[in-house]
Amino acid sequence: MKKTGKTKRLIALFAALALTLTALTSCSAVSDAFDFLYDALTNGGVRVLGDFNDLTYEKPDFDAIDNDIDELKSALAEGKKTKSYYIDRLSEIIGKYYYDALTMENLAFLRYCNDITDASLREEYYTLISESEKTAAKLEELYSVCAASKYKADFEEQCFGKGFLDSYSGDIIEYPPEYTALRGKEAALMSEYSAAMSGLTVEYDGKTYTSADISAVEDEELYNRLVSAYYTKFNPTLAEIYVKLVGVRNEIAVMLGYGSCTDYSFDSYSREYSGDDLKAYFSGIKEHIVPLYRKISDDITSEGPLPFPYASPDRVKSLGKELAGKMSPKLGRIFGSMEKKHLVTVGSSDKMYYGSFQIYLNSCDSPYIFINGEGSEYDVLTLMHEFGHFTSAYYNHGSTGGNDEAEVASSALELLTLKYADGVFDSETAASIGKSGILSIISSLVECAAYSEFENLVYSDKALTAEKCNGYFRQVAEEYGISGGDGGYLYWVMVNHLFEYPYYVAGYSVSADVALQIYESCDGSIDPYLDFIKLARSGSFSDNIKTAGLESPFSEGRAEKTAAVIQKLTEKYFS
Numbered sequence: 001m002k003k004t005g006k007t008k009r010l011i012a013l014f015a016a017l018a019l020t021l022t023a024l025t026s027c028s029a030v031s032d033a034f035d036f037l038y039d040a041l042t043n044g045g046v047r048v049l050g051d052f053n054d055l056t057y058e059k060p061d062f063d064a065i066d067n068d069i070d071e072l073k074s075a076l077a078e079g080k081k082t083k084s085y086y087i088d089r090l091s092e093i094i095g096k097y098y099y100d101a102l103t104m105e106n107l108a109f110l111r112y113c114n115d116i117t118d119a120s121l122r123e124e125y126y127t128l129i130s131e132s133e134k135t136a137a138k139l140e141e142l143y144s145v146c147a148a149s150k151y152k153a154d155f156e157e158q159c160f161g162k163g164f165l166d167s168y169s170g171d172i173i174e175y176p177p178e179y180t181a182l183r184g185k186e187a188a189l190m191s192e193y194s195a196a197m198s199g200l201t202v203e204y205d206g207k208t209y210t211s212a213d214i215s216a217v218e219d220e221e222l223y224n225r226l227v228s229a230y231y232t233k234f235n236p237t238l239a240e241i242y243v244k245l246v247g248v249r250n251e252i253a254v255m256l257g258y259g260s261c262t263d264y265s266f267d268s269y270s271r272e273y274s275g276d277d278l279k280a281y282f283s284g285i286k287e288h289i290v291p292l293y294r295k296i297s298d299d300i301t302s303e304g305p306l307p308f309p310y311a312s313p314d315r316v317k318s319l320g321k322e323l324a325g326k327m328s329p330k331l332g333r334i335f336g337s338m339e340k341k342h343l344v345t346v347g348s349s350d351k352m353y354y355g356s357f358q359i360y361l362n363s364c365d366s367p368y369i370f371i372n373g374e375g376s377e378y379d380v381l382t383l384m385h386e387f388g389h390f391t392s393a394y395y396n397h398g399s400t401g402g403n404d405e406a407e408v409a410s411s412a413l414e415l416l417t418l419k420y421a422d423g424v425f426d427s428e429t430a431a432s433i434g435k436s437g438i439l440s441i442i443s444s445l446v447e448c449a450a451y452s453e454f455e456n457l458v459y460s461d462k463a464l465t466a467e468k469c470n471g472y473f474r475q476v477a478e479e480y481g482i483s484g485g486d487g488g489y490l491y492w493v494m495v496n497h498l499f500e501y502p503y504y505v506a507g508y509s510v511s512a513d514v515a516l517q518i519y520e521s522c523d524g525s526i527d528p529y530l531d532f533i534k535l536a537r538s539g540s541f542s543d544n545i546k547t548a549g550l551e552s553p554f555s556e557g558r559a560e561k562t563a564a565v566i567q568k569l570t571e572k573y574f575s
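Residues in the sequence shown are numbered consecutively from 1, following the UniProt record's numbering.
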């Protein structure tokens, strides 16, 4: 049985690189618009997945959409057209942007993800991001004009859904040119970051090593030297990009009227809790869960690399399908449809995007999974995590609630894999799956809390430098008992969420608590899990937690209860 190298790396960094991402929407109002659009455009409530192979990429013309928006704004200002004209034009613009252009933008992203070494694909994608941001700003301006129109109620009834335009009432929104320029600068920095991440190699003793090469090294001493050389080489470059991103994002937040990037990000993710709520939540984690995290980390380190056999992409998907069917016949059918409609990519390559995610393709009303794994049966855990996102998006037509709720869907299904691993994997691999699953959930609780506190420090520092970033990360890592590994606490630059989605990681920690509660409630059936994810479109995250009979992660005594569940799991898998 082969002990895969990336598992060794996972142990060295305690899952720092294992974060996954999901497709994001910019605000709850946009989510409401998606709900309305899907109800109008899908098959009368009958769930039919589109076939990915039927999609053909065509570069979207955002300039044309911008012109349409300007024309409609002018027509509304003149007030000489009929109500039906305004409604038809508005519906057309919404469809062109959300239904057509964003699908093509996501296809451009997937093309790039399959080969991040292709500079032309990278340039095209990040150019589209910049153009899309500009169009999104113009849409916000249009919505504010619609909110001031005498046809507001008609627009909501025909194009958005009741109450959508309420948040746009008041002064007409007009974004200054500086806003578009800042968004363009942000996109350029992200392109620079992606370019840097596509060429991560290090020279050692006359040989060139990629991250995959390093992970495959069996000699522990050489492995440690290579990891140290790797992070020492790339931390300065990536940290400098990060510092610039922090500065730009702080400027954007201020320009949009927020007191901080923290407030802006929380609003973007439709979070109901505050920074103070998180502070108390993280305090409970430090007191009750960090000691368990340290023990589990020490136990895994002392055991050595967890054994996982090699697995081809087809093998990973086959195991995932077997697991899904074992969990629920309905899940098995959804998995089968996903494969039949070519809505999943599984691979293991340095040329592919450095992570895994689920993204939504609006024009065919279908989710899509992308996984760049390690090439072993460990990848099944990642697949089940992303399949949790897929399942939630399947049931909710892409409108999966806030981002924290979306992460419950993924983390809970990944964790439920532990209940069904026996019989799907051999006994040794099932044991490794159990240990990895526990490490994953406790890492989400602890490490993502640390990353969030790291973000608090960097975004509040008006004189931020790369050196300060390294110091801040060491500070919070030591507070949470996170090992510096062989990279000497320099490896934070590989946590892509810090670059791509500021403050997203806090949601991993919060959602992990709810995922553990769902895991506990699924005794012999995953119905409680399915019931929870089906609530995504019916209420807020906190309301859905109550409806499901679960406790708020912020309720008094939650940390102790969460620690007790983890302790029970630890006794089962680490005894």
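Ideal Cβ placement from N, Cα and C applies to all residues, glycine included.
Since the model is a prediction, treat every value here as computed from it, not as a measurement.
Bounds of the beta strand (DSSP E) holding residue 357 are 356–361. Per DSSP, the unbroken alpha helix (DSSP H) holding residue 236 starts and ends at 220–255. For residue 555, there is no enclosing beta strand (DSSP E), as DSSP marks it with neither H nor E. In this model, residue 236 and residue 466 are separated by some 7 Å (Cα to Cα).
According to the DSSP assignment, residue 117 belongs to no alpha helix (DSSP H), since it is labelled neither H nor E. At the C-beta level, residue 146 and residue 121 stay beyond 7 Å of one another.
By the neighbour-count definition (other C-beta atoms within 10 Å, threshold 16), residue 53 is an exposed residue. With a cutoff of 7 Å on beta-carbon distance, residue 187 and residue 129 are scored as near each other. For residue 329, the three-state secondary structure derived from DSSP is helix. DSSP, reduced to helix, strand and coil, places residue 382 within a helical segment of the structure shown. Using a 10 angstroms sphere on the CB of residue 74, the tally of other CB atoms stays under 16, which defines it as exposed.
Contact between the stretch 191–208 and the stretch 255–263 is absent, with fewer than three C-beta pairs closer than 8 Å. In the pairwise beta carbon analysis, the stretch 517–528 is classified as not touching the stretch 266–285: fewer than three pairs are separated by under 8 Å. The secondary-structure analysis by DSSP pairs residue 207 across a beta bridge with 204. DSSP places residue 275 in the helix class (H, G or I) of the three-state scheme. Look at the beta carbons and you see the stretch 319–334 not touching the stretch 353–366: under three pairs across the two are nearer than 8 Å. Taken in chain order, the whole alpha helix (DSSP H) runs of length 4 or more contained in the stretch 109–193 are 119–148, 152–155.
Scanning the stretch 363–436 for uninterrupted alpha helix (DSSP H) segments of 4 residues or longer gives 379–396, 403–420, listed from N- to C-terminal end. If you draw a straight line from the Cα of residue 109 to the Cα of residue 193, it comes to about 15 Å. Considering only 415, 362, 445, the residue with the shortest C-alpha distance to residue 292 is 445.
The DSSP-derived three-state label of residue 310 is strand. Restricting attention to 197, 289, 172, the CA atom closest to the CA of residue 557 is found in 289. Here the alpha carbon of residue 383 sits roughly 45 Å from the alpha carbon of residue 71.
Shown here, residue 495 sits in coil according to DSSP, grouped into three states, outside any helix or strand.
Per DSSP, the beta bridge partners of residue 345 are 370. Annotation for residue 404: 507, 510, 511, 541 place their beta carbon closer than 6 Å to its own, counting only its chain and skipping 5 residues before and after. A straight line joining the alpha-carbon of residue 248 with that of residue 181 spans about 10 Å.
The beta carbon of residue 92 sits closer than 8 Å to those of 68, all from its chain and outside the five residues before and after it, given in chain order.
When rounded, the separation of the alpha-carbon atoms in residue 118 and residue 111 is 10 Å. When rounded, the separation of the alpha-carbon atoms in residue 390 and residue 417 is 15 Å. Assignment of residue 471 by DSSP, reduced to helix, strand and coil, places it in the helix class.
When DSSP states are grouped into helix, strand and coil, residue 548 belongs to the coil group. The C-beta of residue 153 has fewer than 16 other C-beta atoms within 10 Å across all chains shown, which makes the residue exposed. Under the criterion of beta carbons closer than 8 Å, residue 410 and residue 388 qualify as touching, at roughly 4 Å. For residue 263, the secondary structure class from DSSP, reduced to helix, strand or coil, is helix. Only exposed fits residue 48, as fewer than 16 other CB atoms lie within 10 angstroms of its CB.
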